[in-house]
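> Under the numbering used here, the first residue of the sequence shown carries the number 1, and numbering increases by one thereafter.
Where is the CB? At the ideal position from N, CA and C, for every residue including glycine.
Let me begin by handing over the structure; questions about it come next.
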Amino acid sequence: MRGWSAERLAAEVTASGYPLSRSSVATAERNHRAGMSVDQLVATARALGTSPVNLLACGPCPTCHGTPPAGFTCGDCGAAGSVRPTRMRGWVERAVRDTDALFDRCSRDGASLDDIRILRDLVHDVADEVVRLQQVVRTKDFRLAERHSRIHTRGAAS
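Printed below as a string of structure tokens:
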């Protein structure tokens, strides 16, 4: 919320009177199911200078908006990006092959040939769209890596 490390937040919460370890903060950040007790929530909100409701009702991460690029993990919220596009392509290609086999079985079982062709065309259209989106993701991944490299180069030159 303030860009603090887990260690700093734990120290601030502990200083406010509620002992909290860095690992507890890190666990709560990474694992939403693990959560935290009401006491921890109140103490954390107090240390951050906000209300517990604001901590519970926070929106998506301002850095990645809850969806970092494929293959990346957001450094601020810890959210992991989706599967690499090359892996996704294999899944889509297998799904199309499996769907083709399913449609072939449907035709043997008496389904309308026109309906089967329409479904097959739709599946192929979806697969084409996924491939197009993979290209978009690759381009964004490349741009992100390029920006990171420029920032890293500038930092090393300083």
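Taking the straight line between their C-alpha atoms, what separation do you get for P52 and A43?
9 Å
> Along the chain, where does the alpha helix (DSSP H) that runs through T44 open and close?
V38 to L48
> Assign S23 to one of three DSSP states: helix, strand, or coil.
helix
> If you drop the 5 nearest sequence neighbours on each side, which residues of the same chain put their C-beta closer than 6 Å to that of R46?
S16
> Return the chain-ordered list of same chain residues with a C-beta closer than 7 Å to the C-beta of S21, the five sequence neighbours on each side being excluded.
Only A10 meet the Cβ criterion.
> Would you report the Cα separation of D104 and L113, rounded to the nearest angstrom?
10 Å
> G3 to I151, Cα distance in whole Å?
19 Å
> Ordered along the chain, which non-local residues of its own chain (more than five positions away) have a Cβ less than 8 Å from that of D125?
none
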